[in-house]
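*Asks:* Numbering-wise, this note's numbering puts 142 at position 126 of the sequence shown, and it's gapless, one number per residue.
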Amino acid sequence: MRNRLDWREARVAEIRDIAEKVRLISFEVDGKVPRFDPGSHVTVGVIIHGEPAIRTYTALPAPAGQIAVAVKLHEQSRGGSRFMWQLQPGQAARLTLPENRFELSWRAPHYLLVAGGIGITPIYGMAQALAARRASLRLVYGARSRAQMAFVDELAELLGDRLALCDNSAGAHVDLAAEFAAAPPETEVYLCGPIGMLEAAKTAWQASGRPLSRLRYEVFGDSGIHAEKRFSVDIVNRDLTIEVRPDETLLDALIGAGVEMIYDCQRGECGLCAVKVLERTGEIDHRDVFLSSAEKAESDRMCACVSRLTGDNAVIDIGYRR
Ligand code: FES
Numbered sequence: 017m018r019n020r021l022d023w024r025e026a027r028v029a030e031i032r033d034i035a036e037k038v039r040l041i042s043f044e045v046d047g048k049v050p051r052f053d054p055g056s057h058v059t060v061g062v063i064i065h066g067e068p069a070i071r072t073y074t075a076l077p078a079p080a081g082q083i084a085v086a087v088k089l090h091e092q093s094r095g096g097s098r099f100m101w102q103l104q105p106g107q108a109a110r111l112t113l114p115e116n117r118f119e120l121s122w123r124a125p126h127y128l129l130v131a132g133g134i135g136i137t138p139i140y141g142m143a144q145a146l147a148a149r150r151a152s153l154r155l156v157y158g159a160r161s162r163a164q165m166a167f168v169d170e171l172a173e174l175l176g177d178r179l180a181l182c183d184n185s186a187g188a189h190v191d192l193a194a195e196f197a198a199a200p201p202e203t204e205v206y207l208c209g210p211i212g213m214l215e216a217a218k219t220a221w222q223a224s225g226r227p228l229s230r231l232r233y234e235v236f237g238d239s240g241i242h243a244e245k246r247f248s249v250d251i252v253n254r255d256l257t258i259e260v261r262p263d264e265t266l267l268d269a270l271i272g273a274g275v276e277m278i279y280d281c282q283r284g285e286c287g288l289c290a291v292k293v294l295e296r297t298g299e300i301d302h303r304d305v306f307l308s309s310a311e312k313a314e315s316d317r318m319c320a321c322v323s324r325l326t327g328d329n330a331v332i333d334i335g336y337r338r
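1. Taking the alpha helix (DSSP H) that Arg-178 falls in, what are its first and last residues?
2. Please report the residue range of the alpha helix (DSSP H) in which Pro-138 lies.
3. Just reading off the beta strand (DSSP E) that Leu-231 is part of, what are its end residues?
4. If I'm right that Ala-145 touches Pro-79 with Cβ under 8 Å, what's the distance once you round it to whole angstroms?
5. Give the straight-line distance between the Cα atoms of Cys-286 and Phe-306, rounded to the nearest whole angstrom.
6. For Ile-300, which residues does DSSP report across the bridge?
7. In the DSSP assignment, find the alpha helix (DSSP H) that holds Asp-268 and state where it starts and stops.
8. Output the distance between the C-alpha atoms of Met-100 and Ala-29, rounded to the nearest integer angstrom.
9. Under the rule that 16 or more other beta-carbon atoms within 10 Å means buried, what is Glu-67, buried or exposed?
10. Under 8 Å Cβ to Cβ from Met-277, same chain only, skipping five residues before and after it: list those, please.
11. How should Asn-19 be labelled, buried or exposed, when 16 other C-beta atoms within 10 angstroms of its C-beta is the threshold for buried?
12. Give the secondary structure of Thr-203 by DSSP, where H, G and I count as helix, E and B as strand, and everything else as coil.
13. Quick check: the Cα distance between Lys-48 and Thr-112, rounded to an integer number of angstroms?
14. Is Asp-280 near ligand 1, in the sense that its beta carbon is under 6 Å from a heavy atom of that ligand?
15. Can you name the start and end residues of the beta strand (DSSP E) that Gly-158 belongs to?
16. Could you give the DSSP three-state label for Gly-212: helix, strand or coil?
17. For Met-277, which three-state DSSP category applies?
18. What three-state label does DSSP hand Met-17 in the structure shown?
19. Hey, Ala-220 and Leu-192: beta-carbon distance below 7 Å or not?
20. Out of curiosity, what's the CA-to-CA distance linking Glu-25 and His-90?
21. Determine, for Glu-299, whether the minimum Cβ-Cβ distance to residues of chain D falls below 7 Å.
22. Report yes if the C-beta distance between Arg-39 and Val-87 is below 7 Å; otherwise report no.
23. Work out the CA separation of Gln-102 and Gly-284 for me, nearest whole Å.
24. Determine the contact status of Gly-132 and Gly-158, defining contact as a CB-CB distance below 7 Å.
25. Could you pull out every residue in the same chain whose Cβ sits closer than 6 Å to the Cβ of Tyr-140, ignoring the five residues on either side in sequence?
26. Out of Leu-174, Leu-129, Thr-137, which one is the CA nearest neighbour of Ala-199?
27. If you reduce the DSSP assignment to three classes, tell me which class Trp-122 lands in.
28. Any idea which residues DSSP pairs Asn-116 with across the strands?
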């Protein structure tokens, strides 16, 4: 069960590698593509292990009638990036029109944009839009290596010395505390990166004494602290044990087993898919941004669309779901 989305038929118009393991895929979309804000997302229909599934990507600026996404090929892909990487020009596809859950306020006197790795995708569009409005901004972009950074030439031309690159392989890392300390009062931060970067940002932002409402973020749903491994869940009051492969989510495994789940974002943002964990071996690798740090510390709930177990088994309560 998912919120209603506006699905369109499309064809792959162009494929271009724009960084190491990052591929830009442009789709020619049937019907009118309305203007969309930076930070918007599209949902793409994919096939994983022969079954239809969906994956969500940032909608990038593209020519009229097109929607473009940048897809990083993940080593531990659950199948989404592998599917996207095997697409060929002219191939049919299905995707939704863009919708925005990571909106710019347009009101701040200064913007600090922070990107980690493939988190540059929404930040790139935001930088373009803000620069077009002559907004005051700075963009800090960290990645494992310079080769893995996408859109660097475009951003350098657009922003000049307002762009700071942090190439981890050369020993440069995003210094969030220093960035926040140097930001003018009333600055709004927009951050997209792995969950570890977000947790560090929240800690540094709170330490800086600034209001949490000015720190806005999204994370990759697949960025946990632990590597993906197989686990199983027993559903309380049912004679049902469900195996979860390393390359699928708990939510997908539950749905695949015929459990009716309510969900929406599949990115760990809305909390609709949360289940209660009654017993478990190992830890919960929380990968969502919905539960608070205190709720995660209690570890009796987990967002089934992104979070995983480090142990072998858990007993979960799916509540009212049939
Ligand atoms: S579906 Fe939104 S948090 Fe899982």
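C-beta: ideal position from N, C-alpha, C; glycine also.
*Replies:* Working from what's here:
1. Taking the sequence shown and counting its residues from 1, the one referred to as residue 178 is at position 162. Boundaries for Arg-178: no alpha helix (DSSP H) harbours it, and the DSSP string shows neither H nor E there.
2. In the sequence shown, the residue the question calls residue 138 occupies position 122. Element bounds for Pro-138: 136-148.
3. In the sequence shown, counting from the first residue as 1, residue 231 sits at position 215. For Leu-231, the uninterrupted beta strand (DSSP E) run begins and ends at 231-235, by DSSP.
4. The residue labelled residue 145 in the question sits at position 129 within the sequence shown. The residue labelled residue 79 in the question sits at position 63 within the sequence shown. The beta carbons of Ala-145 and Pro-79 sit about 17 Å from each other, so the pair does not count as a contact at 8 Å.
5. Within the sequence shown, the letter at position 270 stands for residue 286. Within the sequence shown, the letter at position 290 stands for residue 306. One C-alpha to the other measures close to 6 Å.
6. By 1-based counting over the sequence shown, the position of residue 300 is 284. Looking at the DSSP assignment, Ile-300 forms a beta bridge with Leu-325.
7. The residue given as residue 268 occupies position 252 in the sequence shown. Element bounds for Asp-268: 266-272.
8. Reading the sequence shown from its first residue, position 84 is the one you call residue 100. Reading the sequence shown from its first residue, position 13 is the one you call residue 29. Between the alpha carbons of Met-100 and Ala-29 lies a distance of about 13 Å.
9. For the purposes of this step, residue 67 is taken as the residue at position 51 of the sequence shown. When all chains shown are included, Glu-67 counts as exposed.
10. Reading the sequence shown from its first residue, position 261 is the one you call residue 277. Contacts found: Met-17, Leu-267, Leu-270, Ile-271, Cys-289, Ala-320, Ile-334, Arg-337.
11. Position 3 of the sequence shown, counting from 1, holds the residue named residue 19. The pLDDT assigned to Asn-19 is 49, lower than 50, so where the model puts this residue is not dependable; a value taken from the coordinates is nonetheless given after this. Residue environment for Asn-19: exposed (fewer than 16 other C-beta atoms within 10 angstroms of its C-beta).
12. Translated into positions along the sequence shown, residue 203 becomes position 187. DSSP places Thr-203 in coil when its eight states are reduced to three.
13. Position 32 of the sequence shown, counted from the first residue, corresponds to residue 48. Position 96 of the sequence shown, counted from the first residue, corresponds to residue 112. Distance between the alpha carbons of Lys-48 and Thr-112: 12 Å.
14. Walking along the sequence shown from the start, residue 280 turns up at place 264. Yes; taking the cut-off as 6 Å, the Cβ of Asp-280 has a heavy atom of ligand 1 nearer than that.
15. Against the sequence shown, residue 158 aligns to sequence position 142. Where Gly-158 is concerned, the enclosing beta strand (DSSP E) stretches over 153-159.
16. On the sequence shown, residue 212 is found 196 positions in, with the first residue counted as 1. In the structure shown, Gly-212 adopts helical secondary structure according to DSSP, grouped into three states.
17. What you label residue 277 is simply residue 261 of the sequence shown in a count that begins at 1. It is coil, neither helix nor strand.
18. The residue you call residue 17 lines up with position 1 of the sequence shown. In this prediction, Met-17 has a pLDDT of 45, which is less than 50 and means its spatial position is unreliable; nothing more can be read from the coordinates.
19. Taking the first residue of the sequence shown as 1, we reach residue 220 at position 204. Taking the first residue of the sequence shown as 1, we reach residue 192 at position 176. A distance below 7 Å separates the beta carbons of Ala-220 and Leu-192.
20. Numbered from its first residue, the sequence shown carries residue 25 at position 9. Numbered from its first residue, the sequence shown carries residue 90 at position 74. As the crow flies, the alpha-carbon of Glu-25 is around 26 Å from that of His-90.
21. As a matter of chain content, chain D is missing from the structure shown, which is built from one protein chain.
22. As a working note, residue 39 is residue 23 in the sequence shown. As a working note, residue 87 is residue 71 in the sequence shown. Against a cut-off of 7 Å, the Cβ pair of Val-87 and Arg-39 comes out as a contact.
23. Here residue 284 refers to the residue found at position 268 when the sequence shown is read from its first residue. Here residue 102 refers to the residue found at position 86 when the sequence shown is read from its first residue. Put simply, the backbone Cα of Gly-284 is about 26 Å away from that of Gln-102.
24. Locating residue 132 in the sequence shown gives position 116, counting from the first residue. Locating residue 158 in the sequence shown gives position 142, counting from the first residue. Their beta carbons are under 7 Å apart, which means Gly-132 touches Gly-158 by this criterion.
25. Start at 1 with the first residue of the sequence shown, and residue 140 comes out as number 124. Cβ within range, chain order: Phe-167.
26. Counting from one through the sequence shown, the residue named residue 199 turns up at place 183. If we check each option's Cα against that of Ala-199, Leu-129 comes out closest.
27. Locating residue 122 in the sequence shown gives position 106, counting from the first residue. Coil, per DSSP.
28. Translated into the one-based positions of the sequence shown, residue 116 becomes position 100. Answer is Ser-56.
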